[in-house]
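Structure, as structure tokens:
2 protein chains.
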Amino acid sequence: MEIHPECVPCLLKRCLFEARAVDEDKEREVVEEVLTMLDELFEEGAVSAEVATEVHKRVYDILGTSDPYLKMKEKSNENAEYLLKKSEDMLKNGSFRDFVLLSIVGNVLDFGYRDDIISADYLLEEFDNLMDEGLGYDDTDEIENLLEKAENVIFFTDNAGEIVFDTLLLKKIKGYDVHLTVVVKGEPILTDATIEDALKYDIDKIADELKTTGGYAVGVDFDKLSQEVKTKLEDADLIIAKGMANWESFSETDHSPIAFLTRTKCEPVSKTMGAPYDKNVAKLFK
Amino acid sequence: MEIHPECVPCLLKRCLFEARAVDEDKEREVVEEVLTMLDELFEEGAVSAEVATEVHKRVYDILGTSDPYLKMKEKSNENAEYLLKKSEDMLKNGSFRDFVLLSIVGNVLDFGYRDDIISADYLLEEFDNLMDEGLGYDDTDEIENLLEKAENVIFFTDNAGEIVFDTLLLKKIKGYDVHLTVVVKGEPILTDATIEDALKYDIDKIADELKTTGGYAVGVDFDKLSQEVKTKLEDADLIIAKGMANWESFSETDHSPIAFLTRTKCEPVSKTMGAPYDKNVAKLFK
Chain C
1 MEIHPECVPC
11 LLKRCLFEAR
21 AVDEDKEREV
31 VEEVLTMLDE
41 LFEEGAVSAE
51 VATEVHKRVY
61 DILGTSDPYL
71 KMKEKSNENA
81 EYLLKKSEDM
91 LKNGSFRDFV
101 LLSIVGNVLD
111 FGYRDDIISA
121 DYLLEEFDNL
131 MDEGLGYDDT
141 DEIENLLEKA
151 ENVIFFTDNA
161 GEIVFDTLLL
171 KKIKGYDVHL
181 TVVVKGEPIL
191 TDATIEDALK
201 YDIDKIADEL
211 KTTGGYAVGV
221 DFDKLSQEVK
231 TKLEDADLII
241 AKGMANWESF
251 SETDHSPIAF
261 LTRTKCEPVS
271 KTMGAPYDKN
281 VAKLFK
Chain D
287 MEIHPECVPC
297 LLKRCLFEAR
307 AVDEDKEREV
317 VEEVLTMLDE
327 LFEEGAVSAE
337 VATEVHKRVY
347 DILGTSDPYL
357 KMKEKSNENA
367 EYLLKKSEDM
377 LKNGSFRDFV
387 LLSIVGNVLD
397 FGYRDDIISA
407 DYLLEEFDNL
417 MDEGLGYDDT
427 DEIENLLEKA
437 ENVIFFTDNA
447 GEIVFDTLLL
457 KKIKGYDVHL
467 TVVVKGEPIL
477 TDATIEDALK
487 YDIDKIADEL
497 KTTGGYAVGV
507 DFDKLSQEVK
517 TKLEDADLII
527 AKGMANWESF
537 SETDHSPIAF
547 LTRTKCEPVS
557 KTMGAPYDKN
567 VAKLFK
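Same order as they appear, the protein sequences are chains C and D. Start counting the first sequence at 1; every next residue gets the next number (our numbering). Start counting the second sequence at 287; every next residue gets the next number (our numbering).
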């Protein structure tokens with residue numbers, strides 16, 4: 001996805017959120033530096049995820065941390081575990097669509113850029129409403145059709161906490177008798193799940209293979225993917241990508257067929273994806 | 287008030303809001319230009335209102351308009367007129383505090399920088415809640431004491447729509463047998479009321495004198511005030527200043543005694559003012 005004008009205040013807000021989480025005294029330095037960077041990087045044709053990667057990397061350096069969101073991610077996992085207990089009963093005989101919905105609802109665990117989503121507790125407060133909303137864009141039948149015929153499926157995760165809900169969807173996917181590869185982030189980035197989160201929730205046991213994106217990036221930096229993951233991506237009969245940053249990255253490529261499962265939390269993503277804003281979206285691109 | 291790190295995304299968001307209101311095709315140019323300006327202007331010691339004045343001036347030029355908020359301001363006036371009818375009964379025997387509260391509640395008619403306040407309809411939806419909230423910081427007794435002894439009072443208005451509610455407060459103030467000067471903006475800036483709004487609501491008849499700030503500025507540019515208004519400001523036994531931008535400007539001066547009547551819609555203002563965030567605030571500085 002090309003960087004949009006709205007991405008600029010959003011990115012600044014998020015960097016400020018990171019500074020506040022780690023060291024309030026560095027807020028001013030962070031904003032000064034990000035302004036200088038964006039003055040150079042914000043231009044037609046620039047890819048939002050690539051700009052965001054560069055900017056956040058610099059902010060992490062200024063703040064002297066490799067993971068400003070660590071505590072928040074722990075809290076996301078904790079809240080998701082609590083809700084999972086509730087959901088396991090609810091989803092005992094759940095359909096593929098039910099597990100897709102749950103996994104998308106978990107995608108709200110992504111904070112620091114909207115005034116209303118600033119902590120993992122948002123999910124506790126809004127969980128029932130988000131589930132009741134259902135899917136605002138629903139390609140699950142078509143996605144399920146592809147799954148039924150698929151041999152190789154590759155699944156790119158997004159946030160901590162969300163990954164707890166993903167475990168149920170991953171188990172459901174395995175029920176279609178596919179070879180399942182799950183890819184988590186190679187380094188801590190924003191609120192995203194890392195290999196530690198994946199191992200904590202036994203994704204290495206649920207999936208056939210557990211891989212990483214190979215480095216620091218918002219979404220996926222395709223240059224950093226290992227040859228093995230690149231091959232799996234080429235060979236996949238279905239790619240499933242969670243969250244907005246994966247849209248921002250994959251929409252610049254022609255990998256297909258690919259199902260995006262996300263909460264559309266910002267307008268540039270919802271518009272470019274052709275899906276309604278602020279909804280639970282399961283959209284397939286063949 | 288010194289410019290805060292939070293002011294940067296906020297300003298960008300507001301400029302983007304202006305571009306969207308006038309010409310969406312210029313969003314990108316606006317953001318590029320504002321980034322370049324802020325990269326230079328955002329520095330320790332810079333005054334938020336002065337930076338905002340410079341930035342908005344440039345955006346208005348790019349957009350080729352002298353008033354991107356014109357239609358929104360008309361809607362603000364319209365909604366306030368509707369609510370005033372409701373309030374006149376309610377406030378038939380209202381106290382000074384009641385009229386101060388109403389006038390502060392009108393201060394929410396200021397949009398484009400917060401996700402939840404984007405149109406004049408926000409006031410219609412939230413009016414009863416905002417009135418029920420009452421004052422979150424209440425110096426009205428002390429302000430009334432000063433009024434009782436005052437000869438000369440000068441009152442700086444803020445937004446269109448809000449000015450409709452101000453008329454009731456201005457009438458109440460005139461009841462204390464003071465010489466009352468009302469100052470509105472000299473040129474259209476953001477959602478602020480201009481001389482046209484003041485005349486529409488007979489403020490020239492309610493007050494003893496109606497003046498303007500003398501030019502284009504967020505809040506007050508003291509260099510642009512006429513000598514007459516400067517003298518009135520010096521001689522005033524009480525200054526009343528509505529809204530956050532007036533805080534941002536007057537807090538850089540030693541004019542006193544001054545009562546700020548505002549909704550504290552952002553944290554830098556509430557923090558520097560020493561008042562709670564997102565409340566109806568009447569705070570006196572002697």
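Ideal Cβ positions, reconstructed from N, Cα and C, are used throughout, including at glycine.
- For N438/D, the enclosing beta strand (DSSP E) has its first and last residue at N438 to F442.
- If you look at T498/D, you'll find it in the beta strand (DSSP E) that goes E495 to T498.
- Taking C-beta atoms as the reference points, V108/C and L123/C count as a pair closer than 7 Å.
- No Cβ-Cβ contact shorter than 7 Å links K569/D with Y462/D.
- Between L180/C and F155/C the beta-carbon gap is near 7 Å, inside 8 Å, which marks them as a contact.
- Judged by DSSP secondary structure, K92/C falls outside any beta strand (DSSP E); it is assigned neither H nor E.
- Taking a C-beta distance under 7 Å as the contact criterion, K13/C and A19/C do not qualify as a contact pair.
- DSSP places R28/C in the uninterrupted alpha helix (DSSP H) bounded by E27 to L41.
- Neighbours of T36/C across chain D, judged by C-beta separation under 8 Å: D325.
- Within chain D, not a single residue places a beta-carbon under 9 Å from that of R58/C; the smallest gap is close to 14 Å.
- Within 10 angstroms of the beta-carbon of D139/C lie 16 or more other beta-carbons, which makes it buried.
- Looking at N431/D, D414/D and N532/D, the one whose alpha-carbon comes closest to that of V391/D is D414/D.
- In chain order, L302 make up the part of chain D whose C-beta sits under 7 Å from the C-beta of E6/C.
- Per DSSP, the unbroken beta strand (DSSP E) holding F571/D starts and ends at N566 to F571.
- In the assembly as shown, I459/D is a buried residue. Its beta-carbon has 16 or more other beta-carbons within 10 Å.
- Of the candidates N363/D, L432/D, P554/D and Y346/D, the residue whose Cα lies closest to the Cα of A446/D is N363/D.
- Residue contact with chain D for D254/C: absent (no Cβ-Cβ distance below 7 Å to any residue of chain D).
- The beta carbon of N152/C sits closer than 6 Å to the beta carbons of H179, D235, A236 and D237 from its chain, once the five residues preceding and following it are set aside; these are given in chain order.
- Along the stretch 507-548 of chain D, the alpha helix (DSSP H) occurs as fully enclosed runs of 4 or more residues at 513-521 and 530-536, listed in sequence order.
- Those residues of the stretch 87-121 of chain C placed with their C-beta closer than 8 Å to a C-beta in chain D are R114, D115 and D116, ordered along the chain.
- Taking T322/D as the centre and dropping the five residues before and after it, the same chain places no C-beta closer than 7 Å to its C-beta.
- With distances taken between CA atoms, L38/C lies nearest to R58/C out of A21/C, R58/C and D23/C.
- The shortest C-alpha to C-alpha distance from K518/D to any of V468/D, F536/D, F546/D and L485/D is the one to V468/D.
- Partner residues in the beta bridge of T467/D, as assigned by DSSP, are I440/D and E495/D.
- Counting C-beta pairs closer than 8 Å gives fewer than three between the stretch 266-278 of chain C and the stretch 63-73 of chain C, which falls short of the contact rule.
- With respect to the 7 Å criterion, V218/C and A245/C are classified as neighbours on the basis of their beta carbons.
- Across the set I404/D, I449/D, A406/D and N379/D, the C-alpha of I449/D shows the shortest separation from the C-alpha of D490/D.
- Close to V31/C, with beta-carbon spacing below 8 Å, are these residues of chain D in chain order: P291, V294 and F328.
- Closer than 7 Å to the CB of K299/D there is at least one CB belonging to chain C.
- As computed with DSSP, D192/C is found in a beta bridge with N159/C.
- In the three-state DSSP reduction, V218/C falls in the coil class, being neither helix nor strand.
- Under the three-state reduction of DSSP, Y201/C is assigned to coil, being neither helix nor strand.
- The beta-carbon distance between L261/C and S103/C, rounded to whole angstroms, is 6 Å. This is short enough to meet the 8 Å contact definition.
- Under the three-state reduction of DSSP, Y137/C is assigned to strand.
- Apart from sequence neighbours up to five positions away, the residues of its chain that approach E434/D with a beta-carbon distance below 8 Å are Y462, ordered along the chain.
- When CB distances to chain D are screened at a threshold of 7 Å, not a single residue of the stretch 264-284 of chain C falls below it.
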